[in-house]
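Peer 1: Here the protein sequences come in this chain order: A and B. Residue numbers are given in the UniProt record's numbering: position 158 of the first sequence equals residue 158, and the series is strictly consecutive. Residue numbers are given in the UniProt record's numbering: position 186 of the second sequence equals residue 186, and the series is strictly consecutive. Every residue, glycine too, gets a C-beta built ideally from N, C-alpha and C. Because the structure is a prediction, the values reported are computed rather than measured.
Number of protein chains: 2
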Amino acid sequence: MQKVTMKDVAKLAGVSTSTVSRVVSDDDRISQDTKEKVLEVMEKLNYYPNSAARSLANKETEIIGLVMPSYEEDIFINPFFQEVLKGVSSITSKNSFDILIATNHEGEDDLDVLKRIVQTQRVDGLILTRSKKDDEGIKYSKEHNIPFVLIGSCLEYDDIPAVDNDNKQAAYNLTSLLINKGRRKIAFISGEINSIVTLKRYKGYLNALQEHDIEVNDDYFISDEFLEESGYKLMSELLKLNDKPDAIVCADDLICVGVLKRIKESKKYNVPEDIMLASFNNTILAKYSNPTITSVDINSVQLGKKASKKLINNLNKKSKSDNSKEILDYKIIKRDSTLLNNE
Amino acid sequence: MQKVTMKDVAKLAGVSTSTVSRVVSDDDRISQDTKEKVLEVMEKLNYYPNSAARSLANKETEIIGLVMPSYEEDIFINPFFQEVLKGVSSITSKNSFDILIATNHEGEDDLDVLKRIVQTQRVDGLILTRSKKDDEGIKYSKEHNIPFVLIGSCLEYDDIPAVDNDNKQAAYNLTSLLINKGRRKIAFISGEINSIVTLKRYKGYLNALQEHDIEVNDDYFISDEFLEESGYKLMSELLKLNDKPDAIVCADDLICVGVLKRIKESKKYNVPEDIMLASFNNTILAKYSNPTITSVDINSVQLGKKASKKLINNLNKKSKSDNSKEILDYKIIKRDSTLLNNE
DNA sequence: TTGTACGCGTTATCAA
DNA sequence: TTGATAACGCGTACAA
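Put into structure tokens, the structure is as follows:
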């Protein structure tokens, strides 16, 4: 691997390195002639600017860090994140940014990763996906003035740049849908209990019950992780109850397919006749499972797009950053898991 | 955002920057005492080495580039890649590497991205996922001595570091399975026709037919992209034939669910009774679709793991690189799409 | 075991 | 519009 530097280009073009630099960064203060000449030489020598040197000099990496919460061990398996990534990528590519996937190195916890990639200046800014209660990553980023955008919500601060859906309202509507189908014994199966999205969806679920004068049964709220296995496991618990639920709201499709699997294996209950299922995120799983699952389309790709747009905007204008919160639409996609034959 | 440098640490610790540097890189030639003293100061000042400066000085980024083929527009939606990413990430995290997702900037084609991230020295090496016939990326990487590992195979070169399954054999076995179930009119629906994985799987399919003296029907080989919509569209074509297939081999689960969707919509044919389905990659889709789909488990996570291990090994030992090809096991997971009731 | 001094390849400042 | 020259923060011969 050769390594052509600015010096080489400068020498061959008969100009100084500053001139070459100006051509690279498309500076105005340069004559058309020299510009063309330099470009020609760059082409000829197959010159690419060294990004480390650039970053060192101008303090910009043109890289965005995507931070995945590691409390979901199988984060890389949940289609939700892939869709977010798709959205992010579509925007970064238009703005000449690359994406760094931040993952824990050995011995690091979540906050460590964040600190590392930010403090070592590997990235210009961060996109945080999902937040916890008293989220350390958010706190740290905020206190240290690190440019970031949150996909999700934060209870502690009001003025952080974020993109989210109205998960509470969505959960309310989703639960109401089940209630309107005549269900009264509705369980809520969630992932990580301290995740804000869980809390919000749980709250919406509770609101719906209360509004319809349905007594809240503590046995009906159980949580584990955002995993298929968690859904499977938790559903086993529910099936042990004397008073089994007749409908379940899942906080995530991945959980929901686990729940569904467990119900099928019981051979005693059918979806939706005996137990209705409703879920969140409307990933490809909900669309193709058997039966298909009613799920809230939270527009994951759009979440990724909006978040990265906001971040890049904030990075560009060095003035004060846009700390507003954007709420995207959601849509309940009704499918067979809540559809009775006689309807 | 503060910026503590080595200088600051050195000054406060009463040593030179080289000493600090040695502590950072865990150099032996240093006394325990000073080491501890420096570490203390680093801690106190919350020092992180600037990665651009490091890269510039030692020519290493500790970043691996993951190159996605953009001919699959929805690459970010195929669970296969997420599983590969999961595998890669599990290894990089143990070796203190980060992952850069390489995506096309505006106006760039696939080769451009590769050139850019390599030549600007954003990454130390590449993992290429899937290859085409006469793949320019592979050719370029090989000719320019860029450290890389291919997930997949390459027809043109024999000595490139790669990890793959025996896709031909797998396709042969998968097709034979259908033949053994009594099917004779077997179609093959594939993604990008120039992708090596498609070609290999097609070849295995052909071999199986020939070996069983089944005439090859040209109408039964159609291809588009590795997308759900492609499967849907192509299945529509097949349903127009007078002589419709009684079984279909799909080159990818995502395609297969599209195929399945189309068959269901026809309301005339059932899977597996009228048409059997068999597919590849054994993603979560195959497991949860209705009916569940027989699919070849190619061990995607393991592909990602092995590939990144090999790459990192090659990066570490500066001697000659390991250009061997590793073939991983596969396993046909039999599910309902090939299972008749009377079995 | 430690420090000095220079180089890594670029951008930025200042002067011309 | 251009060119010296000095940063940028770190690694590393080399010397001590």
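Taking buried to mean at least 16 other C-beta atoms within 10 Å of its own C-beta, is B:ILE327 buried or exposed?
Peer 2: Against the second sequence, residue 327 of chain B aligns to sequence position 327. Answer is exposed; the Cβ neighbour count stays below 16.
Peer 1: Do you know how far the Cα of B:LYS334 is from the Cα of A:LYS325?
Peer 2: Translated into positions along the first sequence, residue 325 of chain A becomes position 325. Translated into positions along the second sequence, residue 334 of chain B becomes position 334. Distance between the alpha carbons of A:LYS325 and B:LYS334: 48 Å.
Peer 1: Compare the C-beta of A:VAL257 with all C-beta atoms of chain B and state if any pair is closer than 9 Å.
Peer 2: Looking up residue 257 of chain A in the first sequence gives position 257. Taking Cβ atoms only, chain B reaches closer than 9 Å to A:VAL257, which makes this a yes.
Peer 1: Would you mind working out which of A:LEU260, A:LEU227, A:PHE226, A:VAL163 sits nearest A:LEU238, comparing C-alpha positions?
Peer 2: To locate residue 238 of chain A, count along the first sequence from 1; it is residue 238. Measuring from the Cα of A:LEU238, the nearest candidate turns out to be A:LEU260.
Peer 1: Pick from A:VAL118, A:ASN78, A:CYS250, A:ASN46: whose alpha carbon is nearest that of A:ILE63?
Peer 2: Residue mapping note: residue 63 of chain A aligns to position 63 of the first sequence, counting from 1. Ranking the options by Cα distance to A:ILE63, first place goes to A:VAL118.
Peer 1: Please list the residues of the segment 197-209 of chain B that have a C-beta atom closer than 8 Å to any C-beta atom in chain A, keeping them in chain order.
Peer 2: Taking 8 Å as the Cβ-Cβ cut-off against chain A, none of the residues of the segment 197-209 of chain B qualify.
Peer 1: Does any residue of chain A bring its CB to less than 9 Å from the CB of B:GLU228?
Peer 2: Taking the second sequence and counting its residues from 1, the one referred to as residue 228 of chain B is at position 228. Output row for B:GLU228: interface = yes.
Peer 1: Would the segment 270-290 of chain A and the segment 243-252 of chain A be scored as touching if the rule is three or more Cβ pairs under 8 Å?
Peer 2: yes
Peer 1: Over what stretch of residues does the alpha helix (DSSP H) that includes B:GLY231 continue unbroken?
Peer 2: Start at 1 with the first residue of the second sequence, and residue 231 of chain B comes out as number 231. Counting along the chain, the alpha helix (DSSP H) containing B:GLY231 begins and ends at 228-240.
Peer 1: Please confirm whether B:CYS256 and B:SER289 have their CB atoms less than 9 Å apart.
Peer 2: As a working note, residue 256 of chain B is residue 256 in the second sequence. As a working note, residue 289 of chain B is residue 289 in the second sequence. For B:CYS256 and B:SER289, yes; Cβs fall inside 9 Å.
Peer 1: Check for me: the alpha helix (DSSP H) holding B:PHE81 runs from which residue to which?
Peer 2: Taking the first residue of the second sequence as position 1, residue 81 of chain B is located at position 81. That run of the alpha helix (DSSP H) goes 79-94.
Peer 1: Using a Cβ-Cβ cut-off of less than 7 Å, give me the residues of the UniProt domain "HTH lacI-type" (4-58) of chain A that come near chain B, in sequence order.
Peer 2: TYR48, PRO49, ASN50, SER51, ALA52, ALA53, SER55, LEU56
Peer 1: Below 8 Å, is the gap between the Cβ of B:GLU143 and the nearest heavy atom of the ligand MN?
Peer 2: Ligands are entirely absent from the displayed structure, and the ligand MN is therefore not among its contents.
Peer 1: Starting from A:PRO79, find everything on chain B with Cβ-Cβ shorter than 9 Å and list it in chain order.
Peer 2: The residue you call residue 79 of chain A lines up with position 79 of the first sequence. The answer, in chain order, is ILE77, PRO79, GLN82, ILE284.
Peer 1: 9 Å is my cut-off, CB to CB: does B:SER93 come that close to chain A?
Peer 2: For the purposes of this step, residue 93 of chain B is identified with residue 93 of the second sequence, where counting begins at 1. Output row for B:SER93: interface = yes.
Peer 1: Run down chain A in chain order and give the residues with a C-beta less than 7 Å from the C-beta of B:ASN313.
Peer 2: Locating residue 313 of chain B in the second sequence gives position 313, counting from the first residue. By Cβ distance, chain A contributes nothing, its closest Cβ being about 17 Å from B:ASN313, past 7 Å.
Peer 1: Mapping DSSP to helix, strand and coil, what is A:GLY204?
Peer 2: By one-based count along the first sequence, residue 204 of chain A stands at place 204. A:GLY204 falls in the helix class under three-state DSSP.
Peer 1: Just the chain B side, please: which residues come within less than 8 Å of A:ALA102 by C-beta, in chain order?
Peer 2: Counting from one through the first sequence, the residue named residue 102 of chain A turns up at place 102. Those are ASP98, listed as they occur along chain B.
Peer 1: When burial is assigned at 16 or more other CB atoms within 10 Å of the CB, is B:LEU111 buried or exposed?
Peer 2: Here residue 111 of chain B refers to the residue found at position 111 of the second sequence. Classification of B:LEU111: exposed, given that the 10 Å Cβ count is below 16.
Peer 1: Which residue wins for smallest C-alpha separation from A:VAL131, given the options A:LYS168, A:PRO161, A:VAL9, A:PRO69?
Peer 2: Here residue 131 of chain A corresponds to residue number 131 of the first sequence, with the count starting at 1. The residue you asked about is not Val; residue 131 of chain A is Ser in the sequence shown. Out of A:LYS168, A:PRO161, A:VAL9, A:PRO69, A:PRO69 has the C-alpha closest to the C-alpha of A:SER131.
Peer 1: Consult DSSP for B:THR294 and reduce its assignment to one of helix, strand or coil.
Peer 2: Translated into the one-based positions of the second sequence, residue 294 of chain B becomes position 294. In this structure, B:THR294 counts as strand in the three-state DSSP scheme.
Peer 1: In the structure shown, what three-state DSSP assignment does B:CYS256 receive?
Peer 2: Position 256 of the second sequence, counting from 1, holds the residue named residue 256 of chain B. Helix, per DSSP.
Peer 1: Tell me where the beta strand (DSSP E) around A:GLU326 begins and ends.
Peer 2: Within the first sequence, numbered from 1, the residue matching residue 326 of chain A stands at position 326. Bounds of the beta strand (DSSP E) holding A:GLU326 are 325-328.
Peer 1: Using three-state DSSP, classify B:THR129 as helix, strand or coil.
Peer 2: Working through the second sequence from its first residue, we reach residue 129 of chain B at position 129. DSSP places B:THR129 in strand when its eight states are reduced to three.
Peer 1: Just how far apart, CA to CA, sit B:ASN167 and B:LYS203?
Peer 2: Your numbering for residue 167 of chain B matches position 167 in the second sequence. Your numbering for residue 203 of chain B matches position 203 in the second sequence. Approximately 9 Å between the Cα atoms of the pair.
Peer 1: Just to confirm my understanding: we take A:LEU126, look at its own chain, exclude 5 residues before and 5 after, and list those with CB closer than 6 Å. What are they?
Peer 2: Along the first sequence, read from residue 1 onward, the residue named residue 126 of chain A stands at position 126. Hits under 6 Å: GLY65, VAL67, PHE148.
Peer 1: In its own chain, which residues sit with a C-beta less than 6 Å from the C-beta of B:PHE221, not counting the 5 before and 5 after it?
Peer 2: On the second sequence, position 221 is the one that residue 221 of chain B refers to. So the list reads PHE188, once near-sequence residues are dropped.
Peer 1: Which residue from B:ILE193, B:PRO161, B:ILE179, B:ASN207 puts its Cα closest to that of B:LEU339?
Peer 2: To locate residue 339 of chain B, count along the second sequence from 1; it is residue 339. It is B:ILE179.
Peer 1: Relative to the alpha-carbon of B:ASP274, which residue among B:SER337, B:VAL197, B:ASN323, B:GLU143 has its alpha-carbon at the smallest distance?
Peer 2: Position 274 of the second sequence, counted from the first residue, corresponds to residue 274 of chain B. With distances taken between Cα atoms, B:ASP274 lies closest to B:SER337.
Peer 1: Taking a contact to mean a Cβ-Cβ separation below 9 Å, would you say B:LEU100 touches B:VAL123 in this structure?
Peer 2: What you label residue 100 of chain B is simply residue 100 of the second sequence in a count that begins at 1. What you label residue 123 of chain B is simply residue 123 of the second sequence in a count that begins at 1. Their beta carbons are under 9 Å apart, which means B:LEU100 touches B:VAL123 by this criterion.
Peer 1: For B:ARG130, which residues in chain A fall below 7 Å Cβ to Cβ?
Peer 2: Counting from 1 along the second sequence, the entry for residue 130 of chain B is found at position 130. Residues of chain A passing the Cβ test: none, with the nearest at roughly 17 Å.
Peer 1: Near A:ALA13, which residues of its chain fall below 6 Å by C-beta distance, leaving aside the five closest residues on each side in sequence?
Peer 2: Within the first sequence, the letter at position 13 stands for residue 13 of chain A. So the qualifying residues of the chain are LYS37, VAL38, VAL41.
Peer 1: Which residue or residues does DSSP assign as beta-bridge partners of A:LYS37?
Peer 2: For the purposes of this step, residue 37 of chain A is taken as residue 37 along the first sequence, with counting starting at 1. Paired residue(s): none; A:LYS37 is not in a bridge.
Peer 1: In angstroms, rounded to a whole number, what distance separates the CA positions of B:SER90 and B:ASN342?
Peer 2: Within the second sequence, residue 90 of chain B is the residue found at index 90, counting from 1. Within the second sequence, residue 342 of chain B is the residue found at index 342, counting from 1. So the two alpha carbons sit approximately 43 Å from each other.
Peer 1: At a CB-CB cut-off below 8 Å, which residues of chain B make contact with A:GLU106?
Peer 2: Here residue 106 of chain A is taken as the residue at index 106 of the first sequence, counted from 1. The contacting residues are SER93, LYS94, SER96.
Peer 1: Of all the residues that make up the segment 232-250 of chain A, which are near chain B by a beta-carbon distance shorter than 8 Å?
Peer 2: none
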